[in-house]
Amino acid sequence: MEKHIWLERWENNETGFHESSVNPLLLKHFHALELPLASRIFVPLCGKSLDVGWFLAKGYCVVGVEFSESAVKELFKELEEEPYVVKEGHFTHYSAENIDIYVGDFFDLTLELVGNIDAIYDRASIVALPAEARPKYAKHMLALTRSAPQLLVSIEYDQNLSNRTPFNVDSDELHTHYAEHYTLSQLDTLEIEGGFKGKIPASDTVWLLDDLNL
1044 MEKHIWLERW ENNETGFHES SVNPLLLKHF HALELPLASR IFVPLCGKSL DVGWFLAKGY
1104 CVVGVEFSES AVKELFKELE EEPYVVKEGH FTHYSAENID IYVGDFFDLT LELVGNIDAI
1164 YDRASIVALP AEARPKYAKH MLALTRSAPQ LLVSIEYDQN LSNRTPFNVD SDELHTHYAE
1224 HYTLSQLDTL EIEGGFKGKI PASDTVWLLD DLNL
(Lines of atoms letter the chains of each structure in order from A and count residues from 1; the text may use other names and numbers.)
(Lines give C-alpha, C1' and ligand atoms only; values in the text may rest on other atoms or scores of the structure.)
Protein backbone atom coordinates (compact mmCIF):
# COMPACT_ATOMS: atom_id res chain seq x y z
CA MET A 1 0.00 0.00 0.00
CA GLU A 2 1.19 3.52 -0.77
CA LYS A 3 2.18 5.44 2.34
CA HIS A 4 -0.18 8.36 1.68
CA ILE A 5 -3.16 6.01 1.25
CA TRP A 6 -2.34 4.24 4.53
CA LEU A 7 -2.05 7.54 6.37
CA GLU A 8 -5.29 8.86 4.86
CA ARG A 9 -7.15 5.79 6.06
CA TRP A 10 -5.99 6.31 9.61
CA GLU A 11 -6.68 10.05 9.48
CA ASN A 12 -10.19 9.44 8.08
CA ASN A 13 -10.85 6.52 10.45
CA GLU A 14 -11.19 4.16 7.46
CA THR A 15 -9.72 1.29 9.44
CA GLY A 16 -11.89 -1.67 8.56
CA PHE A 17 -8.70 -3.75 8.59
CA HIS A 18 -8.37 -3.09 12.34
CA GLU A 19 -9.84 -5.99 14.30
CA SER A 20 -11.91 -5.29 17.41
CA SER A 21 -10.59 -8.40 19.15
CA VAL A 22 -7.45 -10.51 19.22
CA ASN A 23 -7.15 -12.47 15.98
CA PRO A 24 -8.70 -15.94 16.46
CA LEU A 25 -6.09 -17.60 14.27
CA LEU A 26 -3.37 -16.12 16.46
CA LEU A 27 -5.06 -17.49 19.58
CA LYS A 28 -5.40 -20.91 18.01
CA HIS A 29 -1.97 -21.28 16.44
CA PHE A 30 0.54 -19.08 18.25
CA HIS A 31 1.83 -22.13 20.12
CA ALA A 32 3.22 -23.46 16.83
CA LEU A 33 6.09 -20.95 17.08
CA GLU A 34 7.22 -22.61 20.34
CA LEU A 35 8.67 -19.37 21.69
CA PRO A 36 10.11 -19.07 25.19
CA LEU A 37 8.87 -16.20 27.33
CA ALA A 38 10.51 -12.83 26.68
CA SER A 39 11.08 -13.67 23.01
CA ARG A 40 11.06 -10.61 20.74
CA ILE A 41 8.23 -10.71 18.19
CA PHE A 42 8.29 -8.42 15.16
CA VAL A 43 4.89 -7.08 14.06
CA PRO A 44 5.07 -5.16 10.75
CA LEU A 45 2.37 -2.55 10.02
CA CYS A 46 1.13 -3.12 13.56
CA GLY A 47 -1.32 -0.19 13.70
CA LYS A 48 -3.08 -0.30 17.05
CA SER A 49 -3.62 -4.07 16.89
CA LEU A 50 -5.00 -5.72 20.00
CA ASP A 51 -2.69 -8.61 19.20
CA VAL A 52 0.19 -6.46 20.48
CA GLY A 53 -1.36 -6.22 23.94
CA TRP A 54 -2.00 -9.96 23.92
CA PHE A 55 1.69 -10.67 23.27
CA LEU A 56 2.72 -8.35 26.09
CA ALA A 57 0.22 -9.89 28.52
CA LYS A 58 1.63 -13.33 27.73
CA GLY A 59 5.15 -12.22 28.63
CA TYR A 60 6.63 -11.52 25.21
CA CYS A 61 8.38 -8.44 23.84
CA VAL A 62 7.08 -6.64 20.77
CA VAL A 63 8.96 -4.74 18.08
CA GLY A 64 6.70 -3.06 15.53
CA VAL A 65 6.77 -0.66 12.63
CA GLU A 66 3.90 1.55 11.51
CA PHE A 67 3.46 4.44 9.04
CA SER A 68 0.80 6.21 11.08
CA GLU A 69 1.93 8.03 14.20
CA SER A 70 -1.69 8.55 15.24
CA ALA A 71 -2.19 4.76 15.22
CA VAL A 72 0.86 4.31 17.44
CA LYS A 73 -0.36 6.96 19.86
CA GLU A 74 -3.71 5.16 20.06
CA LEU A 75 -1.92 1.86 20.62
CA PHE A 76 -0.04 3.15 23.65
CA LYS A 77 -3.17 4.83 24.96
CA GLU A 78 -5.08 1.55 24.78
CA LEU A 79 -2.16 -0.25 26.43
CA GLU A 80 -2.28 2.40 29.18
CA GLU A 81 1.43 2.99 28.72
CA GLU A 82 3.20 6.35 28.62
CA PRO A 83 5.80 5.93 25.86
CA TYR A 84 9.29 7.33 25.74
CA VAL A 85 9.58 9.05 22.35
CA VAL A 86 12.82 9.82 20.52
CA LYS A 87 13.94 10.46 16.94
CA GLU A 88 16.20 7.77 15.52
CA GLY A 89 17.27 8.36 11.93
CA HIS A 90 14.23 8.11 9.64
CA PHE A 91 12.03 7.01 12.54
CA THR A 92 10.22 8.24 15.60
CA HIS A 93 10.77 5.53 18.21
CA TYR A 94 8.01 4.93 20.78
CA SER A 95 8.99 2.62 23.62
CA ALA A 96 7.86 1.33 27.00
CA GLU A 97 8.56 -1.83 28.96
CA ASN A 98 8.92 -4.73 26.50
CA ILE A 99 7.65 -2.75 23.51
CA ASP A 100 9.39 -0.76 20.76
CA ILE A 101 7.41 0.74 17.89
CA TYR A 102 9.08 2.60 15.03
CA VAL A 103 7.01 5.17 13.16
CA GLY A 104 8.21 5.22 9.57
CA ASP A 105 8.76 3.11 6.48
CA PHE A 106 9.37 -0.62 6.92
CA PHE A 107 11.89 -0.53 4.08
CA ASP A 108 14.05 1.93 6.02
CA LEU A 109 14.39 -0.38 9.02
CA THR A 110 17.81 -1.89 9.65
CA LEU A 111 18.93 -4.91 11.60
CA GLU A 112 21.03 -2.62 13.79
CA LEU A 113 17.94 -0.60 14.70
CA VAL A 114 15.52 -3.42 15.54
CA GLY A 115 18.05 -5.79 17.09
CA ASN A 116 17.52 -9.53 17.45
CA ILE A 117 14.11 -10.83 16.36
CA ASP A 118 12.95 -14.26 17.50
CA ALA A 119 9.74 -14.49 15.44
CA ILE A 120 7.54 -12.54 13.04
CA TYR A 121 3.78 -12.13 13.23
CA ASP A 122 2.50 -10.96 9.85
CA ARG A 123 -1.28 -10.63 9.97
CA ALA A 124 -1.95 -7.55 7.84
CA SER A 125 1.35 -6.54 6.32
CA ILE A 126 2.25 -8.51 3.21
CA VAL A 127 -1.42 -8.50 2.18
CA ALA A 128 -1.49 -4.69 2.44
CA LEU A 129 1.14 -4.32 -0.27
CA PRO A 130 0.55 -4.38 -4.04
CA ALA A 131 2.00 -7.29 -5.99
CA GLU A 132 4.96 -5.31 -7.31
CA ALA A 133 6.11 -4.43 -3.77
CA ARG A 134 5.81 -7.87 -2.20
CA PRO A 135 9.06 -9.42 -3.52
CA LYS A 136 11.02 -6.45 -2.10
CA TYR A 137 9.08 -6.76 1.15
CA ALA A 138 9.88 -10.45 1.56
CA LYS A 139 13.56 -9.91 0.75
CA HIS A 140 13.85 -7.10 3.28
CA MET A 141 11.99 -9.10 5.92
CA LEU A 142 14.43 -11.97 5.56
CA ALA A 143 17.45 -9.69 5.87
CA LEU A 144 15.99 -7.65 8.73
CA THR A 145 15.14 -10.65 10.90
CA ARG A 146 17.77 -13.15 9.77
CA SER A 147 14.94 -15.37 8.51
CA ALA A 148 13.22 -15.62 11.89
CA PRO A 149 10.23 -18.00 11.93
CA GLN A 150 6.89 -16.50 10.97
CA LEU A 151 3.25 -16.91 11.82
CA LEU A 152 1.64 -15.39 8.74
CA VAL A 153 -2.05 -14.86 8.04
CA SER A 154 -2.94 -14.40 4.38
CA ILE A 155 -6.22 -13.78 2.61
CA GLU A 156 -7.25 -15.60 -0.55
CA TYR A 157 -9.96 -14.55 -3.00
CA ASP A 158 -10.38 -13.78 -6.70
CA GLN A 159 -8.25 -10.66 -7.14
CA ASN A 160 -10.06 -9.93 -10.42
CA LEU A 161 -13.12 -9.00 -8.37
CA SER A 162 -11.41 -6.32 -6.28
CA ASN A 163 -8.40 -4.03 -6.55
CA ARG A 164 -8.45 -2.89 -2.92
CA THR A 165 -6.49 -4.02 0.09
CA PRO A 166 -6.01 -6.45 1.61
CA PHE A 167 -4.73 -8.15 -1.52
CA ASN A 168 -4.97 -11.82 -2.38
CA VAL A 169 -1.73 -13.62 -1.45
CA ASP A 170 -2.00 -17.32 -2.17
CA SER A 171 0.11 -20.38 -1.48
CA ASP A 172 2.01 -20.21 -4.77
CA GLU A 173 3.09 -16.65 -4.13
CA LEU A 174 4.19 -17.32 -0.56
CA HIS A 175 6.29 -20.24 -1.76
CA THR A 176 7.83 -18.04 -4.45
CA HIS A 177 8.92 -15.50 -1.84
CA TYR A 178 9.94 -17.80 0.99
CA ALA A 179 10.47 -21.44 -0.02
CA GLU A 180 14.25 -21.02 -0.36
CA HIS A 181 14.45 -19.95 3.28
CA TYR A 182 11.65 -21.75 5.14
CA THR A 183 9.53 -24.84 5.34
CA LEU A 184 5.98 -23.53 4.82
CA SER A 185 3.19 -25.34 6.66
CA GLN A 186 -0.46 -24.44 6.16
CA LEU A 187 -1.98 -24.67 9.64
CA ASP A 188 -5.58 -23.61 9.10
CA THR A 189 -8.07 -21.95 6.79
CA LEU A 190 -11.05 -19.94 7.96
CA GLU A 191 -13.81 -18.89 5.59
CA ILE A 192 -14.63 -15.20 5.96
CA GLU A 193 -18.27 -14.91 6.96
CA GLY A 194 -20.10 -12.80 4.40
CA GLY A 195 -17.06 -12.77 2.13
CA PHE A 196 -14.45 -10.13 1.36
CA LYS A 197 -15.98 -6.64 1.33
CA GLY A 198 -19.24 -8.38 2.18
CA LYS A 199 -19.64 -10.01 -1.21
CA ILE A 200 -16.58 -11.87 -2.53
CA PRO A 201 -15.96 -15.45 -1.31
CA ALA A 202 -12.70 -15.40 0.63
CA SER A 203 -10.74 -17.15 3.34
CA ASP A 204 -7.98 -16.40 5.82
CA THR A 205 -5.16 -18.91 5.90
CA VAL A 206 -2.56 -19.16 8.64
CA TRP A 207 0.93 -20.34 7.80
CA LEU A 208 3.93 -21.38 9.84
CA LEU A 209 7.20 -20.48 8.15
CA ASP A 210 9.96 -22.27 9.99
CA ASP A 211 13.51 -23.57 9.71
CA LEU A 212 14.10 -25.04 6.26
CA ASN A 213 16.30 -27.75 7.75
CA LEU A 214 13.77 -29.09 10.25
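Here this note's numbering is used: the first residue of the sequence shown is 1044, the next is one more, and so on.
Even glycine gets a Cβ: it sits at the ideal position worked out from N, Cα and C.
In this text the structure is predicted, and so the values were computed from the model without any measurement.
Boundaries of the beta strand (DSSP E) harbouring residue 1136: 1134-1139, taken from the DSSP string. Per DSSP, the unbroken beta strand (DSSP E) holding residue 1231 starts and ends at 1225-1234. Looking at the DSSP output, residue 1087 sits in a beta bridge with 1108.
Residue pairing from DSSP places residue 1164 in a beta bridge opposite 1194.
Under the three-state reduction of DSSP, residue 1214 is assigned to helix. Residue 1069: member of the alpha helix (DSSP H) spanning 1067-1072, first to last residue.
Taken atom to atom, the span from the alpha-carbon of residue 1086 to that of residue 1215 is near 23 Å.
In the DSSP assignment, residue 1130 falls within the beta strand (DSSP E) that extends over 1127-1131. Segment contact: the segment 1071-1088 against the segment 1099-1106, three or more CB-CB distances shorter than 8 Å; contact assigned. Where residue 1145 is concerned, there is no enclosing alpha helix (DSSP H), although the beta strand (DSSP E) around it starts and stops at 1142-1146. DSSP, read as helix, strand or coil, puts residue 1113 in helix. In the DSSP secondary-structure assignment, residue 1243 is bridged to 1239.
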